[in-house]
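Asker: I'd like to ask you about the structure that follows.
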Amino acid sequence: MKSRERKYFFDNKVPRQESNPELNLLVGTRQRASAEFDLSPAKVLSCYSPRESERNILIEKAFPNGHAALRETVLVETIRDRKNWGKFLFLLSRGGSIKIMSPFVHAGELIAPCESDFQSVADLCLPDRILPYGGLEKLFLEISSTISEFIDLSQKDLFLVTAFILSIWFPDCFQAVPYLWIVGALGTGKTKLLRLLHCFCRRALLVGDLSGASLYKLSSLLKPTLLIDEFEPGNSKKDTDMLRLLRTGSVPSVPAARNGQLFTTFGAKVIASRHLPVDTALASRALLIRMFPTAKNLMPLDQAAIERIADQFQPRLLMFRLENHSCVESFRIQSVLLESLSPRMKDLARALAAPLCGNKKYTETLLAILREHDRDAAIERGLEPEWLTVEALFRLCHEGMADDRLIAEMTVGWIAAHINGMLKFRGEDLKFTARKVGATLKSLGVKIESLGNIGRGLRFTSILRQKTHELARQFGFDRRNLAPLSSADYGNGGVPCALCEDFGLTGGLRFVEFRRERPRVSRPNPRGPLFSKRDRI
Ligand SMILES: [Zn+2]
11 MKSRERKYFF DNKVPRQESN PELNLLVGTR QRASAEFDLS PAKVLSCYSP RESERNILIE
71 KAFPNGHAAL RETVLVETIR DRKNWGKFLF LLSRGGSIKI MSPFVHAGEL IAPCESDFQS
131 VADLCLPDRI LPYGGLEKLF LEISSTISEF IDLSQKDLFL VTAFILSIWF PDCFQAVPYL
191 WIVGALGTGK TKLLRLLHCF CRRALLVGDL SGASLYKLSS LLKPTLLIDE FEPGNSKKDT
251 DMLRLLRTGS VPSVPAARNG QLFTTFGAKV IASRHLPVDT ALASRALLIR MFPTAKNLMP
311 LDQAAIERIA DQFQPRLLMF RLENHSCVES FRIQSVLLES LSPRMKDLAR ALAAPLCGNK
371 KYTETLLAIL REHDRDAAIE RGLEPEWLTV EALFRLCHEG MADDRLIAEM TVGWIAAHIN
431 GMLKFRGEDL KFTARKVGAT LKSLGVKIES LGNIGRGLRF TSILRQKTHE LARQFGFDRR
491 NLAPLSSADY GNGGVPCALC EDFGLTGGLR FVEFRRERPR VSRPNPRGPL FSKRDRI
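As structure tokens, this is what we get:
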């Protein structure tokens, strides 16, 4: 059996220029400079015909030279040579034609997959051929059923993991790639799932104990799907580096600078840990998969099984990428389907839905699962300063409406006290200072001004009230967040508010105008809010 110990991946997407029928490849090992790539004399080794079996190799000149070419993209993938396991080949795909070429010398430069430089890093799972993938539904079901033979996941998580696998074969098509965060206690099979994902993912690289520098270098050059096991970040430099890599790596064009060099950390990641990510910004980039101890009789994932699965799925998934690349790249999900999702979840939904190529059943299932994840994430986000501050403003904006005593002015310190009161009521052990709340208000675009001798604060003008409602809409709050649970359960929202109606923040509640006898108000706290008559709300 061939060794599968070394695995590296590299590809490149080369736009073909109308004016220049020659191909420019940014590929090379000894010199990583762009090199002109004249295909006419190049070795055309084989061309795959989807109608034939993999053994029927068609020799043809897939890329005629010297003709006015259409503006097309040539996908360049690295695959293994079936006859020589240690050797890499180029696979070029353009408009349905696929050609396999060996590395070659051009103008004195060796043009070869850059994986050749990383043979010492052991962990290699490149496809060595392409195979018909059998249609989206067949591929999807086969991946799901293979995973469920080895791992006990809920149906929803299984669906999500399968959609994730398909999605990460198209990292160059998205504005943001999804992360998968596997959480579970000891012995729940997290590592087993990572090893299984290694067989399915594109350019998967299982990270054990890599230094920060190697991590950046590998990530930048190989553009792998990083599979990170036992990620329990502490305060060490390596953990800090890893956290930075993770935060910057979900979107393209945010390079990291190390030792005077720029590295691209963009790429899908799978992280296994015992605890949920504390970093909310990082958590919002990830799809959470929970693992529990199981009594199910599952198949062991030994080396033979790993090789069999990789051999079975890598060539099909590569074909899936090549055949659907342009469709996935141009796919735009209807924005109406993404309503009610947070901006980050929308990015994840776009990346996960595109490879489903408009399959209605799968897209609907996916969006239903993502909405559930988004609701869970919203609860976590609720403790972030921006969310707390907007919630406090939205709440204070409606305070006193029942008895016509709206707040007119309030200090930043008083808003901080209000937030801390909310947190204490909810049993949270967080506290915010006035300085922190002031900085958050500024970052939200809320103007802070001097309130004379009582300090700095806000004047609740009609403009600020509008701004508050706008922020509430952007941050996903509505009147359900303000109504007591007992009232909201019966559909009662309290006093009506025209701005809530205008901004669509009623949350489906009923509102009733009622007047209360104005109570005698004592203001023991001189820094408390000042009230005004109810005006135009
Ligand atoms: Zn309102």
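Residue numbers (this note's numbering): 11 to 547. Even glycine gets a Cβ: it sits at the ideal position worked out from N, Cα and C. As the structure is a prediction and not an experimental result, all values here were calculated from the model.
(1) Between the alpha carbons of R354 and S294, how many angstroms are there, rounded?
(2) Using a strict less-than 5 Å threshold between each residue's beta carbon and the heavy atoms of ligand 1, what residues do you get?
(3) Is the region 457-474 in contact with the region 414-425, if contact means three or more CB pairs nearer than 8 Å?
(4) Report the three-state DSSP secondary structure of K452 (helix, strand or coil).
(5) Can you tell me whether DSSP reads R42 as helix, strand or coil?
(6) Would you call the region 191-209 and the region 335-344 touching, i.e. three or more CB-CB distances under 8 Å?
(7) In chain order, what residues of the same chain lie with their CB nearer than 7 Å to the CB of K200, ignoring the 5 residues before and after it?
(8) Output the distance between the C-alpha atoms of E147 and F330, rounded to the nearest integer angstrom.
(9) Closest to K227 by CA distance: which of T274, L207 and K202 is it?
(10) Which of helix, strand or coil does DSSP assign to F160?
(11) Within 8 Å, do at least three Cβ pairs link the region 376-389 to the region 472-481?
(12) Go to L515, then tell me how far its alpha helix (DSSP H) extends in each direction, as first and last residue.
(13) Would you kindly work out how many angstroms separate the C-alpha atoms of R212 and S177, rounded to a whole number?
(14) Using only CA atoms, which one of S350, E409, A359 and N463 lies nearest to Q484?
(15) Assuming I299 and V187 make a contact with CB atoms under 8 Å, what is their CB distance in whole Å?
(16) Measure the Cβ-Cβ separation of A315 and S352 and say whether it is below 8 Å.
(17) Got a sec? Which residues, its chain only, sit under 8 Å from E396 by beta carbon, not counting five neighbours each side?
(18) Of the choices Q324, F404 and L190, whose alpha-carbon is the least far from that of F513?
(19) According to DSSP, I458 sits in a beta bridge with which residue or residues?
(20) List, from N- to C-terminal side, the beta strand (DSSP E) runs of 3 residues or more that fit wholly inside the region 381-461.
(21) Using CA atoms only, rank isn't needed, just tell me which of E333, F241, R445 and V261 is closest to I108.
(22) Considering only residues of the same chain and omitting the five flanking positions on each side of A267, which have a CB-CB separation below 8 Å?
(23) Excluding the 5 residues flanking G465 on each side, which residues of the same chain have their C-beta closer than 8 Å to its C-beta?
(24) With DSSP as the reference, please indicate the residues paired to T235 in a beta bridge.
(25) Using a Cβ-Cβ cut-off of 6 Å (strictly less than) and excluding sequence neighbours within five positions of L433, which residues of its own chain qualify?
(26) Express the C-alpha separation of L85 and A79 in angstroms, rounding to a whole number.
(27) Who pairs with N502 in a beta bridge, going by DSSP?
(28) Spatial neighbours of L406 within its chain, please: C-beta separation below 6 Å, excluding the five flanking residues on both sides.
Answerer: Put simply:
(1) When rounded, the distance between both Cα atoms is 7 Å.
(2) Working through the chain, the matches are C507, L509 and C510.
(3) Enough Cβ pairs lie closer than 8 Å, so yes.
(4) Collapsing the DSSP output to three states places K452 in a helix.
(5) The predicted position of R42 is uncertain, since its pLDDT is 28 and thus under 50; no value can be drawn from it.
(6) Too few Cβ pairs lie closer than 8 Å, so no.
(7) Short of 7 Å from the beta carbon of K200, and not among the five residues preceding or following it, lie these beta carbons of its own chain, in chain order: I192, G194, A282 and M301.
(8) Cα to Cα, E147 sits roughly 12 Å from F330.
(9) Ranking T274, L207 and K202 by Cα distance to K227 puts T274 first.
(10) In the structure shown, F160 sits in a helix (DSSP, three-state: H, G or I).
(11) Pairwise C-beta distances place the region 472-481 out of contact with the region 376-389, as fewer than three of them are shorter than 8 Å.
(12) Element bounds for L515: n/a, residue is neither H nor E.
(13) Going by C-alpha positions, R212 is about 10 Å away from S177.
(14) Out of S350, E409, A359 and N463, the CA that lies nearest to the CA of Q484 is found in S350.
(15) Contact flag wrong, Cβ pair sits at about 16 Å.
(16) No.
(17) Correct list, in chain order: T450, S453, L454 and F485.
(18) Considering only alpha carbons, the answer is F404.
(19) Its beta-bridge partners do not exist; DSSP assigns none.
(20) Runs found: 415-421.
(21) Closest option to I108, Cα to Cα, is E333.
(22) F273, listed in sequence order.
(23) Counting only Cβ-Cβ distances below 8 Å, and skipping sequence neighbours, we find T421, V422, G423 and R537.
(24) Here T235 is bridged, per DSSP, to A214.
(25) Beyond the five residues adjoining it in sequence on each side, L433 comes within less than 6 Å, by CB distance, of L440 in the same chain, given in chain order.
(26) Any reading at A79 is ruled out, since the residue's pLDDT is 37, under 50, leaving its predicted position unreliable.
(27) In the DSSP output, where bridge partners are listed per residue, N502 has R520.
(28) By the criterion of a C-beta distance shorter than 6 Å, L406 is surrounded in its chain by I417, once the five residues flanking it on both sides are discounted.
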